[in-house]
Structures are given as structure tokens and as C-alpha cells.
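A short write-up of the structure that comes next.
Numbering (the numbering used here), first residue to last: 194 to 423.
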């Protein structure tokens, strides 16, 4: 089987499952957003209880660690990781550059759409007196959470394309732990309600499901464009 046929076959096998995950997560995200909007952003009891727990359990070493973890969910780091994911899956210089551009575009478009949701729901953050890190803007869905999850998903996709299954699975577990840790750090540092973080994870899974469904077609195009340049 040649390279084009292999990519096409992989796409047919994975597209349905990926779109199913995306549809399920989209429905759950829409439900959660509706619940948030129905209370005009007022937190639910579970939001308040988890927020208060974090406020009351903040030894300095753990706060320092949480700040370090949360810093990886914003700034240039996620975008550099997206570029790295694209470079990893490319098979030649042109292919690597095209794949890196596609991964970067994917992350950028997902981020732009998230800002639209933020401003549509305009949910307020917890009271600033409880914050132990900097934050700005509206609260739902959590930006750090969704960005880390999207980045982890891109890197996981790259690992499965270019490394042995055992290494890819191990890497995916570590990436998932990182994405979860970033989300939890936002709650612990007092700048997000737990439902904001849940919304961030669901939002990222919607985009990743769609992205995984489209990835084989995108990579097939990259291979063809790269090959035509030789």
C-alpha cells in the first residue's frame, strides 16, 4: 500500500469515531454553557465548595508549584508545542513546515473561537480577593485549560504518527496529566470556577475530535504538496 492509500485508509477508519467524540463533547459543552447562562454566571454550589476548599488549603510550596504549572497553559509555550507537533509529523523539510503551519493555524482558530464564547457568556471570575495569580477577561471556558488540552492533543497526535505505540501511549498519559494539572491549577489558584475548567476540557475535546477527523486528509494534502515540490 502506498503512502497516499495508507493515509486515506487511516482517515476512513478514524473519522467516524473522532466525529462521534466531537459531537458528544459539543452536546455536553452546550448543556454546560446553557446551565451557566441560565444563572447569569452565578456559580453552582459545587463551584463554591471546591473554590472554598482551594482557598483554605494553600501552603506556599503548593501555590508555587501551581503557579509554575499554570504558566505552561499560556504565552508562547503552547504555540511552540504546536509547531513542534507539526515538525514531528512532517516527512521532509517542506512537509514539516506545512504541518507546523497547519497545527499552528488549528490552535489559533480554536483560540479565536473561544474568545467569541467568552464574550457571549461574559461570566465573571471568582472574587479577586481569592486570587493568588494574575488573570484577566471573562471566565467560561477557562483559557489556560482549553489551551493546554488542545496543545496536549496536538502533541499526542504527533506522537502516534511518528513513534512506536508504547512510546506514544506513555507520552499521551503524560500529556493528559499535564492538561489536567493545568486545569486544576486554575481552580486551586482561585481564578476560575470548576465549571469553567470542565468547560475548557469539553471545548478542547470538540476541536480535537474535529481535528483528528480532518487530520488524515490534511496530511494527505501535505504529502502531495511536498511530493510535487520535489
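Heads up, the beta-carbon is just placed ideally off N, CA and C, and yes, glycines get one too.
In the displayed model, residue 242 falls within a helix according to three-state DSSP. In this structure, the straight-line span from the alpha carbon of residue 339 to that of residue 223 is close to 15 Å. Per DSSP, reduced to three states, the secondary structure at residue 353 is helical. Straight-line measurement puts the Cα of residue 233 at about 16 Å from the Cα of residue 239.
When 255, 235, 249 and 382 are compared, the shortest CA-CA separation from residue 326 is found for 382. A Cβ-Cβ distance of about 7 Å is found for the pair residue 341 and residue 271, placing them in contact under the 8 Å criterion.
Your pair residue 373 and residue 262 does not check out as a contact, with CB atoms roughly 10 Å apart and the cut at 8 Å. When C-alpha distances from residue 297 are compared across 282, 259, 276 and 209, the shortest belongs to 276.
Here residue 335 has 379, 385, 389, 390 and 393 as same chain residues with Cβ atoms under 6 Å from its own Cβ, once five neighbours each way along the sequence are excluded. Scanning the segment 251-338 for uninterrupted alpha helix (DSSP H) segments of 4 residues or longer gives 253-264, 269-282 and 286-314, listed from N- to C-terminal end.
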